[in-house]
Amino acid sequence: MTQAVDLAAAASSTDPKVGLRAVLALRRLLESLETVQVDNARAQGWSWQDIAAALEVSRQAVHKKHAGRPVVRPSQEA
Amino acid sequence: MFERFTDRARSVVKGAVAESRALHHDKVGTEHLLLAMLDDERESGGGVAGRVLRGAGVTADDIRARIESHVGQGPRALGTADAEALRQIGIDLEAVRRKVEEAFGEGALSRPPARPHSRGLFGFRRRRYYTGGPFSPRAKKVLELSLREAIRLKHKHIGTEHVLLGLLREGEGLGVMVLTESGVEVEDLRRKVIEELRATA
């Protein structure tokens, strides 16, 4: 109970240090998730155009950011 | 210059590369050199440097924890500070990680992040201009200074102790920062290295 109260207090913290750190962490999480999902889409044969449309960004933007990374094929044993 | 390095000192350099990789860091810095000198499992930890550091109460675990608290696991990787920050806005990073790994395999969320590569004219892959391997400018400086420390002490070889002296001389890297944080005095440590050399000479 007290833990939940603590959490609620932290979530609504007006200390910029706390709030901005959460934004940074969220951006890192976003970048990691994007990497995973774009790799997966490429491995499943999606075009850069398809991926760009899904992410609502330009094809050039998604290509510039993600092309050149080796495509991770789904592992054989899975 | 490297031909003068002892096997242990070479092991420090190699160990530093391995430490950097294990932490998913981009570059090999002074902090990784320090970790390698403390590594009991590798040859690199068995030198004079390792002995003096341990004698001063420095441990690899403590140093590693301090490094991680400064840089996290990689510049854009998700570390414990991120998990904490996300928890504060109601996101359970471990739960997210579990879900992603269920679908995409272990470590899926810690893959190297997207890194834009530059293309030259007509889309040809632009040549990469290597700036000298994976070592940070400071780490390179430390290795240079280790040679100078050896010369200054009139030693013909460069051992782990000279690398440590180089690290202390350079003085501004993360390696020295975490050492200082752990309560070690740089000048004091330098003196201990010299004393140890006198004792074993």
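Heads up: the sequence lines are chains A and B, in that order. To convert, take the position in the first sequence, counting from 1, and add 176; that gives this note's numbering. To convert, take the position in the second sequence, counting from 1, and add 814; that gives this note's numbering. We put the beta carbon where it would ideally sit given N, CA and C, even for glycine.
Min CB distance B/Ile881 to chain A below 8 Å: In the second sequence, counting from the first residue as 1, residue 881 of chain B sits at position 67. Chain A contact via Cβ: absent.
Buried/exposed call for B/Asp798, threshold 16 Cβ in 10 Å: Lying before the first or after the last residue shown, residue 798 of chain B is absent from chain B, which here runs from 815 to 1015.
Alpha helix (DSSP H) segment containing B/Ala922, residue limits: By 1-based counting over the second sequence, the position of residue 922 of chain B is 108. Where B/Ala922 is concerned, there is no enclosing alpha helix (DSSP H), given that its DSSP letter is neither H nor E.
Alpha-carbon to alpha-carbon, A/Leu206 and B/Phe918: Taking the first residue of the second sequence as position 1, residue 918 of chain B is located at position 104. Taking the first residue of the first sequence as position 1, residue 206 of chain A is located at position 30. Counting only the Cα atoms, A/Leu206 lies some 16 Å from B/Phe918.
Cβ of A/Val233 within 8 Å of any chain B Cβ: The residue you call residue 233 of chain A lines up with position 57 of the first sequence. So, not an interface residue.
Inter-stretch contact (C-beta, 8 Å, three-pair minimum) for the region 819 to 837 of chain B and the region 979 to 998 of chain B: Fewer than three pairs of CB atoms, one per stretch, sit closer than 8 Å, so the region 819 to 837 of chain B makes no contact with the region 979 to 998 of chain B.
In chain order, each alpha helix (DSSP H) run of at least 4 residues that lies wholly inside the region 861 to 920 of chain B: Inside the region 861 to 920 of chain B, DSSP marks whole alpha helix (DSSP H) runs of 4 or more residues at positions 862 to 869, 874 to 885, 894 to 901 and 907 to 918, from first to last along the chain.
Span of the alpha helix (DSSP H), counted from its first residue to its last, around A/Thr211: One-based indexing of the first sequence puts residue 211 of chain A at position 35. Counting along the chain, A/Thr211 sits inside the alpha helix (DSSP H) bounded by residues Pro192 to Ala219.
For B/Arg1005 and A/Ser208, the rounded distance between their alpha carbons: Residue numbering aside, residue 208 of chain A sits at position 32 when the first sequence is read from its first letter. Residue numbering aside, residue 1005 of chain B sits at position 191 when the second sequence is read from its first letter. C-alpha separation (whole angstroms): 46 Å.
Cβ-based neighbour list, B/Arg911, same chain, cut-off 6 Å, excluding 5 preceding and 5 following: Taking the second sequence and counting its residues from 1, the one referred to as residue 911 of chain B is at position 97. Result list for B/Arg911: Leu923, in chain order.
Beta-carbon separation (whole angstroms), B/Ile972 vs B/Phe819, contact threshold 8 Å: Position 158 of the second sequence holds residue 972 of chain B. Position 5 of the second sequence holds residue 819 of chain B. Indeed, because the Cβ distance is near 5 Å, the residues count as touching under 8 Å.
Chain A contact for B/Leu923 (CB, 8 Å cutoff): Locating residue 923 of chain B in the second sequence gives position 109, where the first residue counts as 1. So yes, B/Leu923 belongs to the interface.
Cα-Cα separation between B/Glu908 and B/Ala897, rounded to whole angstroms: What you label residue 908 of chain B is simply residue 94 of the second sequence in a count that begins at 1. What you label residue 897 of chain B is simply residue 83 of the second sequence in a count that begins at 1. Using only the alpha carbons, I get a separation of about 8 Å.
Between the CA atoms of B/Gly869 and B/Lys970 - distance to the nearest angstrom: For the purposes of this step, residue 970 of chain B is taken as the residue at position 156 of the second sequence. For the purposes of this step, residue 869 of chain B is taken as the residue at position 55 of the second sequence. Inter-residue distance for B/Lys970 and B/Gly869 is about 26 Å (C-alpha atoms, whole angstroms).
Interface partners of A/Leu255 on chain B, CB under 9 Å: The question about residue 255 of chain A has no answer, for chain A in this structure spans 177 to 254.
Length of the line joining the Cα atoms of B/Gly921 and B/Leu867: The sequence position of residue 921 of chain B within the second sequence is 107, counting from 1. The sequence position of residue 867 of chain B within the second sequence is 53, counting from 1. Their backbone Cα atoms lie some 34 Å apart in a straight line.
Under 9 Å from the C-beta of A/Arg197: neighbouring residues of chain B: Position 21 of the first sequence, counted from the first residue, corresponds to residue 197 of chain A. Using a Cβ-Cβ cut-off of 9 Å, A/Arg197 is close to Ala895, Asp896, Glu898, Ala899 and Gln902 of chain B, given in chain order.
Cut-off 7 Å between Cβ atoms - residues of its own chain near B/Leu988, not counting five sequence neighbours on either side: Counted from its first residue, the second sequence places residue 988 of chain B at position 174. Excluding residues up to 5 positions away in sequence, Gly843, Thr844, Glu845, Ile881 and His884 lie with their Cβ nearer than 7 Å to the Cβ of B/Leu988 in the same chain.
Three CB pairs or more closer than 8 Å across the region 855 to 863 of chain B and the region 961 to 968 of chain B: Counting Cβ pairs under 8 Å, fewer than three are found: no touch.
Coarse secondary structure for B/Val827, derived from DSSP in three states: Here residue 827 of chain B refers to the residue found at position 13 of the second sequence. Of the three classes helix, strand and coil, the one that applies to B/Val827 here is helix, per DSSP.
Other residues of its chain near B/Thr994: CB distance less than 7 Å, five sequence neighbours each side excluded: Within the second sequence, residue 994 of chain B is the residue found at index 180, counting from 1. Val1000, listed in sequence order.
Option nearest B/Asp875 by Cα separation, candidates B/Leu849, B/Leu967, B/Leu957 and B/Gly859: Numbered from its first residue, the second sequence carries residue 875 of chain B at position 61. The option with the nearest alpha carbon to B/Asp875 is B/Leu849.
Burial state of A/Lys241 (16 or more Cβ within 10 Å): Counted from its first residue, the first sequence places residue 241 of chain A at position 65. That one is buried.
Beta-ladder partner(s) of B/Phe819, from DSSP: Residue numbering aside, residue 819 of chain B sits at position 5 when the second sequence is read from its first letter. Paired residue(s): B/Ile972.
B/Val842 - DSSP class collapsed to helix/strand/coil: Within the second sequence, residue 842 of chain B is the residue found at index 28, counting from 1. Three-state DSSP puts B/Val842 in a strand.
Straight-line Cα distance separating A/Leu196 from A/Thr211: Position 35 of the first sequence, counted from the start, is the residue given in the question as residue 211 of chain A. Position 20 of the first sequence, counted from the start, is the residue given in the question as residue 196 of chain A. Computed Cα separation, rounded: 23 Å.
Pick from A/Leu202, A/Asp191 and A/Ala230 that is closest to B/Arg901, judged by C-alpha positions: In the second sequence, the residue the question calls residue 901 of chain B occupies position 87. If we check each option's Cα against that of B/Arg901, A/Leu202 comes out closest.
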